[in-house]
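Below is one structure; the comments refer to it alone.
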Amino acid sequence: MNTCIECGAELNIPTGVMMGEILPCPDCGVELEVTNLTPLTVELAPQEMEDWGE
Amino acid sequence: MSVRVGIVGGTGYGAGELLRLLVDHPEVEVTQIISSSQAGAFAHAMHPHLRGRTLPRFISPDALADCDVLFLAQPHGEAQGHIAEYAARAERIIDLSADFRLRDAAQYTATYSEAHAAPEWLERFVYGLPELYRAQLLGARYASGVGCNATATLLACYALVKAGMINDAQPLIADAKVGSSEAGRTPTDSSHHPARAGIVRPFALTGHRHEAEVRQALAPYGWFDVRLAVTSVELVRGVAVAIYVSLPAGMAEKDIWAAYRAAWNGQPFMRIVHDKSGIHRHPEPRLLAGTNYADVGWEYDPATGRAALLCAIDNLGKGAAGSAVQCMNLMCGFEETTGLRFGGFYP
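Which chain is which? The protein sequence lines are A and B, in order. The first sequence begins at 67 in the numbering used here and counts up by one. The second sequence begins at 149 in the numbering used here and counts up by one.
Set out below in structure tokens:
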């Protein structure tokens with residue numbers, strides 16, 4: 067089972083996922099980048115840093 | 149056959165929200181709305197959003213008849229003086245005021261600076277927050293209302309208190325931003341539009357009465373030093389609470405997520421709002437107007453261990469009438485979310 071490295075939510079990994087693909091976490095919304103396929107590894111994708119509404 | 153519902157104190161904003169929820173509730177019929185000032189008037193005279201809906205006219209208090217569920221939506225201090233009379237009229241009572249929220253008469257006196265008129269009734273009421281007292285509310289005969297600011301404060305911190313991640317060694321100082329409808333229907337100098345529009349007005353930074361019910365609800369986990377600091381802002385409906393705390397060293401985001409999931413998964417009106425993307429990353433009261441939802445979230449700095457615990461509600465919804473109808477559903481054996489599924493509007 068793959069889980070979000072930010073919040074621990076279970077991830078629904080699509081069949082045929084590709085290196086570099088960005089997967090959003092369904093719970094916390096963080097974007098996870100696929101950095102390895104065997105074994106499947108995800109890391110936090112770079113986040114936008116601009117002001118998002120303040 | 150529908151459950152017959154009455155409302156005593158039918159002209160206030162809480163009663164108006166109750167009527168809006170009850171008029172579409174498939175299990176109940178509103179059979180009487182009591183008002184000492186508006187007897188004979190149509191309900192929409194005081195609650196214009198209910199024009200065209202099938203509701204009885206206001207009747208005077210001496211015309212109160214038997215019913216199955218009686219909601220009390222009077223000003224603070226009114227219900228306790230007549231509670232035996234009301235109990236003789238209705239099998240079940242839900243009181244939206246502060247009269248029966250505290251279980252201890254001495255605590256009531258200390259909080260409200262007066263002796264309770266019916267202290268023997270305090271133990272008979274269940275505190276009307278289903279998220280914490282669901283088991284006690286199932287089939288109960290008497291439920292109190294909830295303080296709107298108390299509700300938001302409790303729900304903001306409860307997950308981490310329950311998980312033991314914060315304890316009573318540190319104070320819980322809740323910064324609450326609140327809308328004008330909290331002040332009720334009766335206008336005052338401070339609620340006059342030219343005086344209130346556009347404000348960010350601190351009005352109760354210490355000694356808020358709702359602190360007592362928060363302490364009471366958290367008592368199974370310790371005697372928390374709860375302090376509410378309330379500021380009026382440019383909202384009609386809504387409460388947004390932030391509680392600033394220190395978490396144990398080494399805590400990770402995943403740990404906080406786990407605590408929130410453990411507390412709130414399966415609770416139909418609790419939503420965790422803690423997003424890493426988008427513009428609505430934290431709970432916001434504006435999105436909750438007219439709903440019974442409570443949105444909770446947090447912001448955490450692992451470098452310092454400091455966290456802000458957040459909750460937003462509609463003070464008239466989850467903070468009053470919504471929770472009261474949810475209590476009725478549990479007390480009467482209805483499905484818990486009946487009549488409460490409105491999801492809000494956006495933008």
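Just so it is clear, CB atoms sit at the ideal spot from N, CA and C, and this is done for glycine as well.
Proximity of chain A to K402/B at the Cβ level (cut-off 7 Å) is accounted for by C73 and G74, in chain order. V274/B is bridged by DSSP to A291/B.
Residues of the same chain with a CB within less than 6 Å of the CB of D316/B, apart from the 5 flanking positions on each side, are G370, W371 and F372 in chain order. V100/A has a beta carbon lying at 8 Å or more from every beta carbon in chain B. The segment 316-326 of chain B makes no contact with the segment 399-413 of chain B; the number of CB pairs closer than 8 Å stays below 3.
H192/B and K310/B have their C-alpha atoms spaced approximately 43 Å apart. DSSP lists A238/B as the beta-bridge partner residues of C215/B.
By the beta-carbon neighbour count (other beta carbons within 10 angstroms, threshold 16), H224/B is exposed. Within the same chain, V217, R240, I242, L285, L286, G287, A288, R289 and A291 come within 8 Å of M479/B by CB-CB distance, once the 5 residues on both sides are set aside. Around the CB of M418/B, 16 or more other CB atoms lie within 10 Å, so the residue is classed as buried. The C-beta of S338/B has fewer than 16 other C-beta atoms within 10 Å across all chains shown, which makes the residue exposed. Look at Q186/B here: in three-state DSSP terms it is coil, with no helix or strand label.
Around the beta-carbon of R385/B, 16 or more other beta-carbon atoms lie within 10 Å, marking it buried. When DSSP reads this structure, R375/B sits in a beta bridge with I321/B. Three or more pairs of CB atoms, one per stretch, sit closer than 8 Å, so the segment 373-383 of chain B contacts the segment 351-365 of chain B. By a beta-carbon distance limit of 8 Å, A266/B does not contact T257/B. Their separation comes to about 13 Å. Where V444/B is concerned, the enclosing beta strand (DSSP E) starts and stops at A442 to D449.
Put simply, the segment 467-476 of chain B does not touch the segment 194-207 of chain B. Fewer than three CB pairs are less than 8 Å apart. In terms of beta-carbon proximity, E109/A stays away from the interface with chain B, with every pair separated by 8 Å or more. Residue burial annotation: T104/A is exposed, with fewer than 16 other C-beta atoms found within 10 angstroms of its C-beta.
Sorting K402/B, M194/B, P342/B and F219/B by C-alpha distance to the C-alpha of T179/B places F219/B at the top. According to DSSP, residue pairing for T107/A in a beta bridge involves N102/A.
With respect to V387/B, A307/B sits apart: the two C-beta atoms are not nearer than 8 Å. Judged by beta-carbon spacing, R272/B lies beyond the 8 Å limit of E361/B, meaning their Cβ atoms are not closer than that value.
Residue state for T301/B is assigned as helix, using DSSP reduced to three classes. Within its own chain, the residues whose Cβ lies closer than 8 Å to the Cβ of G492/B, once the five positions on either side in sequence are excluded, are L435, L436, A437, G438, T439 and Y441, listed in chain order.
Positions of the beta strand (DSSP E) runs, each at least 3 residues long and wholly inside the segment 384-448 of chain B, are given as 387-394 and 418-420 in order along the chain. Straight-line measurement puts the Cα of E382/B at about 12 Å from the Cα of P342/B. Taken in chain order, the complete beta strand (DSSP E) segments of 3 residues or longer contained in the segment 317-366 of chain B are 320-326 and 349-352.
DSSP places R454/B in the uninterrupted beta strand (DSSP E) bounded by R454 to I461.
In the structure shown, V178/B adopts extended strand secondary structure according to DSSP, grouped into three states.
In this structure, I79/A places its C-beta atom within 8 Å of the C-beta atom of L106/A. Its chain contains A304, C305, L320, A322 and L457 as the residues whose beta carbon lies nearer than 6 Å to that of I391/B, once the 5 sequence neighbours on both sides are disregarded; these appear in chain order. Burial check for E233/B: the Cβ neighbour count within 10 Å stays below 16, so the residue is exposed. The criterion of a C-beta distance shorter than 8 Å is not satisfied by V96/A and G86/A.
When the alpha-carbon of P174/B is set against those of R454/B, V473/B and V393/B, the nearest one is in V473/B.
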